[in-house]
Structure formats: structure tokens, C-alpha cells
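> Protein chains in written order, with my numbering: chain W, 3 to 366; chain F, 3 to 281.
Virtual Cβ for every residue (Gly too), placed ideally from N, Cα, C.
Input: one structure, supplied below.
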């Protein structure tokens, strides 16, 4: 268990800068998730930490040691790959013990360690099998076992669940969380799936185009996204982002949307009258008014997605689209006119030009 | 689909024809080698009139075929092992590494295929004759003179390069994270995964070295170092050598190739077809 410090790191491939001045601190025992869309540089950062790529600028410290120029084997890390990367010609036991064998450990000691790790991951019945004789979930567990058996300072996970089906993904996700609770090893996990990020991460790093957009705890990112990008990336279904202008009436503030409807916002937002803003309304913070003449946004229902436990309602009016999500079932039909009422206390506000979150001074 | 009688007949005739075309000469060699009566040059028998091992005994004991067979085996075994190893190492660099001048290296290797061996025979002869600095001896008239020139073979390098390119990069990365050195990655991860291709390269290499005629001819002039193809040539022009004995030596020369092919047949076939379809 050790801290990982990534200081102002940069990486260029030829003339293309793929990682630009990234700094991340992962505390000892912390589970940090790197998230971002394809091409955001999250896997490259993980490979830089692993030593599989060499940083162009900056420094990386693992467990207090500067490892920037050290090869992977001297960094005391273990990595779980998206493709599992199990050696096809080796059995499960040989795969798990390969690193120990290379380190010159005695065969009996290797066997003991492999057995202990296999027991932890319920792989003890599969030790003599070849990877091709295992299911996807079992292969992923072997891949984790190969990492665990070395007892490294840091675990690195590169989208380990992306090749699994939805049900198995949820199961293995739980196993990873459980494993981290038991081993308390510092972990850095790359994913593009925000549900994985929210459920596993103690700290989330949101990346875009090789830059850090925001670092924080999952709920901080959800409640107080630093900018429009983070707001749109975190949360399922995605946040509604509506363009409008600030209207100030005495001590009350509101955003006037393109359709003319007024959405009250907290008075503490540091905005001026007529300022162009983007109003962020999470689908789960919207309700449907009981009375059709209630104050809100009048829209028509265009589609309903019912998953049994959740109900996602897509609404529209000229120049405006909204998605609302409900935990309880509603008797709504496609084509029905409804009035959507936002929980204005939970609305996010972004400056239209900078796309950054509008500072919040006091809840006046 | 059921076949009509005439289709079956046509098929049988075709197979018989192919069998005669491909196996006929080989059968003729066997029949002649085991025939006690002497045949004329250019003549092969369809059936041994009087079966005998006499020509083989003569070829082995009097013509000392065992010496040439031994020479051929030494050259082919050491040559094939070294050639496969060197080709695998070169292929690993070409398939898995990026280095300055890589295209030039590939082109240089490729160009060796384009040069007929007759073109390089005189320069090669001069090199083999030249004294090695510090040691003061030349390779001429040694086994190494017949082995070293065939150790680097472009065909084998490119065959293995294509197979090694197909090994997923993640396996190499995983081995690197596991603490493997470059040589350990090559030995423990890459080589086991290209085993069928290694088998194919080894068989092709074996046949190529076994069939070498020009190289041993310019590399050695001591008869006790002659390989089978060279000695067959000298026997063919020897007017007092019986044709049956010459043919018996030919049969002896063929046996190792057939044995190696039969032993590695499975690997040979899987190596030739691997990667042809999506797995």
C-alpha cells in the first residue's frame, strides 16, 4: 500500500501531445478511477504509471520512490488488462505464478501463494485449466489473481470489465470492490463507464483530450460538476443542459429559457442580469406537475423507456428537449402534454462562454 | 450429394493418374535400388526382378555413404537449429520493435531472396577462403563453411515475422509488468505462441539445407566433408559406378527428409494454414 503521485506529466507521440500537464494524487489504499471518453488519455496515463510508456515531461512517484525512468518490473505494480492478457499456453496456476517464477521464488512458495490467491478468488478448482477452457468472468478473475499473488504496492486496472456482458459486469464489479475492501491496496482503475466510476471510486478523475477536467469524490462530481463537460459525463441518464438568460427580480433570480419559461435558481449564484448561462437539470431532479397550469416547462412526451424499476420520459417542445427519470411508475402516455417542474435547489448553473460552473457565494 | 457411377470412375481414374505421376518415379527408384540386375543409365524398373539389399550394403560399406550421410546430418541439424533461432530473433525484432532504419533492414533481408545463389557464389568462396582476423584460420573446408551461410534465411525470417505480428501486444505488456526481460518475453511468451510457425520454418529450413548443392561444393574440397548431394553428383559422373548403387544412395538421401516431414507433419500443416481464417 503506497501513494501514487503524478506530477505535471505530459506525453507526446511525435508532434501530438496526448497527455497535457496532468497531476493526480492517489492516497495510500485509495481507489481512484480515471474516466473519460475515448481518446481522453486515461489508458495512456495508466500505461505511464505502469511504465509501459515513457513520460515526455513530469514525474511519477509510487510509494515515495521516483519511478519516472524505471522499467515496469521495478515499479512494484500489477496490472489487469482489458483483454485479460492471459498467456494462452500456460495453465491458470502457471499464469498466476509467472511473475513469481521470474523473480526466482522457490516452486513450493509459488504454489502456496498461488493457492492462497486462487482461494480468495474461488479459482482453486480451475488451477490446472488453460485460459481457453474458462469463461470470460473466470478469465478476468485469473487476471486479477495474477495481480494479487504478487502483493504489489499498486493495482492498475485498464477497463477490466468492458469485455463482459452486463450481468457479469455487475458481479465482477462487486468482486473488485470487495477485494479492495479486504486488501486495501492502492488501486487505479480506468473506465469509460460512469456507473463503474461512481460505484467503485473513492476518487474520480475526469479526463478530456489529455487534460484533467475535475478530480473529486463521486458525489461531489455529481452534485457540483466543475463544467458542462463533467456535468454531461457524470450521471445516467445525462443531465439536461438548457441555454437561457438570467433574469433578476429584486432578490430572486431565475433563468429564462428559449421557450420563455422561467426556472427559479438559488439566489447565491454569482450571476448578473441578462448573463447567458447553461442551466443543468438532472433527470432525477424533475417531477411532473399534478396540475396542468402549474409553473414549470410545458412539454409533450415523445418517448417512454420503462425498465421496470425506473421510468425515463423523453419530452420535447420546439427548441427544447428534456429527459426526466422517475423511480416510481407514472401513468403517462406518449403524446401527452405535461408540465415538468425542476427541483430548483439542485439545479447547476454554468457560464455560457467559459462553460465553467458559476461560483456560488451564499444561499441568499 | 450422391455420385453417379461414371463420376466415381472418372474420379478413380484421376486419382490413379495423379498417383502414377507423383509416386511413379519414387517407386521406380525403390524398385531399381532393390533389384539385383544392373540397369543402364536413364533406366528405372517398374518391379524388382530379383530382390536384394546388395546395392545398399555396397553403398554403405564400400562407397562409404555413411560418411556423407553423417556430414549432411551434422550440417542440416546444426544449420536448422541455428537458422530457426536466428530467424526467430530477427523476426521478433521486426515484428515487435520499432527502431530507426527498420525499413532498410527489412529491405536488406528481402533483397537476399532476390539474388540467385550462383551470383554470390564467387564472393562467398572468397569470404570462406579469407582468414578470420585474430584466429588466422579460414572457414574453408569446415562444417561451419556449409552452415554459417544458410543460418540467415529471409524466407524463414518473414514467415516468423508475420506470425509474431499476430501475437497480441497486451501479452507482451503483461509479461513486462510481470517482470520479464526482453529475452524472457521472447522465450516464455512469444516463442510458445508461434510454435506451429517454428515447425514450418524448421521443416522448410531442413529441406533447404538438405538440398544444398552449390554451397557445399564451394565451401569444401575434401571428399570426407562432402554432403550427400555433392557425393551424388560425383557418383553420377563416375563411369564405373553402377547405376543401382547410385540409386541406392539416392534412396538413403531421401529417407531423412521423409522422416522429418512425417514427424513434424501436423505442425507443418497447421503452420501453413494458421491465420487463414478468423479464429
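Return helix, strand or coil for residue 68 of chain F, following the three-state DSSP convention.
Correct three-state label for residue 68 of chain F: helix.
> List, in chain order, every chain W residue whose beta-carbon is nearer than 7 Å to that of residue 191 of chain F.
Per Cβ cutoff of 7 Å: 89.
> According to DSSP, simplified to helix, strand and coil, what is residue 63 of chain F?
The answer is helix: DSSP assigns residue 63 of chain F an H, G or I state.
> Given residue 285 of chain W, which residues of its chain have a CB within under 6 Å of its CB, disregarding the five upstream and five downstream residues?
Cβ neighbours of residue 285 of chain W beyond the five flanking positions: 239, 325, 326, 327.
> With DSSP run on the structure shown, which of helix, strand or coil describes residue 248 of chain F?
If DSSP states are grouped into helix, strand and coil, residue 248 of chain F belongs with the helices.
> Rounded to whole angstroms, what's the CA-CA distance from residue 109 of chain W to residue 103 of chain W? Just pull it up for me.
Distance between the alpha carbons of residue 109 of chain W and residue 103 of chain W: 8 Å.
> Does any CB atom of chain W fall closer than 8 Å to the CB of residue 178 of chain F?
Yes, contact with chain W.
> Quick check on residue 101 of chain F: does DSSP put it in helix, strand or coil?
Looking at residue 101 of chain F - three-state DSSP - the assignment turns out to be coil, as it is neither helix nor strand.
> I'd like to know whether the C-beta atoms of residue 113 of chain F and residue 155 of chain F end up nearer to each other than 8 Å.
Not closer than 8 Å, so no.
> According to DSSP, simplified to helix, strand and coil, what is residue 165 of chain W?
DSSP places residue 165 of chain W in coil when its eight states are reduced to three.
> Could you tell me whether any Cβ in chain W is nearer than 8 Å to the Cβ of residue 175 of chain F?
So, interface residue.
> Would you verify that the beta carbon of residue 39 of chain W is, or is not, closer than 8 Å to some beta carbon of chain F?
False, the Cβ-Cβ gap to chain F never drops below 8 Å.
> 8 Å is my cut-off, CB to CB: does residue 159 of chain W come that close to chain F?
So, not an interface residue.
> Looking only at C-alpha atoms, which of W:338, W:133, W:287 sits nearest to residue 96 of chain W?
Per the Cα distances, W:133.
> Can you pull the chain F neighbours of residue 81 of chain W, defined as C-beta to C-beta under 8 Å?
Correct list: 175, 176, 179.
> So which residues on chain W does residue 194 of chain F lean against when the C-beta distance must stay under 9 Å?
Result: 89, 90, 91, 92.
> Can you look up residue 194 of chain W in the DSSP assignment and give me helix, strand or coil?
DSSP places residue 194 of chain W in coil when its eight states are reduced to three.
> Please classify residue 175 of chain W: is it buried, with 16 or more other beta-carbons within 10 angstroms of its beta-carbon, or exposed?
Classification for residue 175 of chain W: buried.
> Got a sec, what are the start and stop residues for the beta strand (DSSP E) residue 2 of chain W sits in?
A question about residue 2 of chain W goes unanswered here, because the residues of chain W that appear run from 3 up to 366.
> So with Cβ pairs under 8 Å, would you call residue 170 of chain F a contact of chain W?
Yes, its Cβ sits closer than 8 Å to a Cβ of chain W.
> Step through the CB atoms of chain W and report whether any lies within less than 8 Å of the CB of residue 267 of chain F.
Cβ-Cβ to chain W under 8 Å: no for residue 267 of chain F.
> Is residue 251 of chain F closer than 8 Å to residue 237 of chain F when the C-beta atoms are compared?
Contact: yes.
> Pull up the DSSP beta-bridge partners for residue 258 of chain W, would you.
DSSP output for residue 258 of chain W lists W:247, W:264 as bridge partner(s).
> For the beta strand (DSSP E) that contains residue 160 of chain W, what are its first and last residues?
Unbroken beta strand (DSSP E) run through residue 160 of chain W: 156-160.
> Measure the Cβ-Cβ separation of residue 193 of chain W and residue 226 of chain W and say whether it is below 8 Å.
Cβ distance not < 8 Å, so residue 193 of chain W and residue 226 of chain W don't count as in contact.
> State the Cα-Cα distance for the pair residue 29 of chain F and residue 48 of chain F, rounded to the nearest angstrom.
Rounded to whole angstroms, residue 29 of chain F to residue 48 of chain F spans 7 Å at the Cα level.
> Which of the three DSSP states, helix, strand or coil, is assigned to residue 21 of chain F?
The answer is helix: DSSP assigns residue 21 of chain F an H, G or I state.
> Near residue 278 of chain F, which residues of its chain fall below 6 Å by C-beta distance, leaving aside the five closest residues on each side in sequence?
Residue placement at residue 278 of chain F is poorly supported in this model, since its pLDDT is 42, which falls under 50; the coordinates still yield a value, given next. For residue 278 of chain F, where only same-chain residues beyond five positions count, there are no Cβ hits under 6 Å.
> Closer than 8 Å is the cut-off here; do at least three beta carbon pairs connect the region 182-200 of chain W with the region 151-169 of chain W?
Because the criterion of three Cβ pairs below 8 Å is met, the region 182-200 of chain W and the region 151-169 of chain W touch.
> With DSSP run on the structure shown, which of helix, strand or coil describes residue 358 of chain W?
Residue 358 of chain W falls in the strand class under three-state DSSP.
> Which whole-angstrom value describes the C-beta separation of residue 323 of chain W and residue 290 of chain W, a residue pair presumed to lie in contact below a C-beta threshold of 8 Å?
No, residue 323 of chain W and residue 290 of chain W are not in contact; Cβ-Cβ is about 16 Å, not under 8 Å.
> Can you list the residues of chain W that residue 182 of chain F reaches, using a CB-CB cut of under 7 Å?
By Cβ distance, chain W contributes 104.
> Rounded to the nearest angstrom, what separates residue 336 of chain W and residue 302 of chain W at their Cα positions?
Using only the alpha carbons, I get a separation of about 8 Å.
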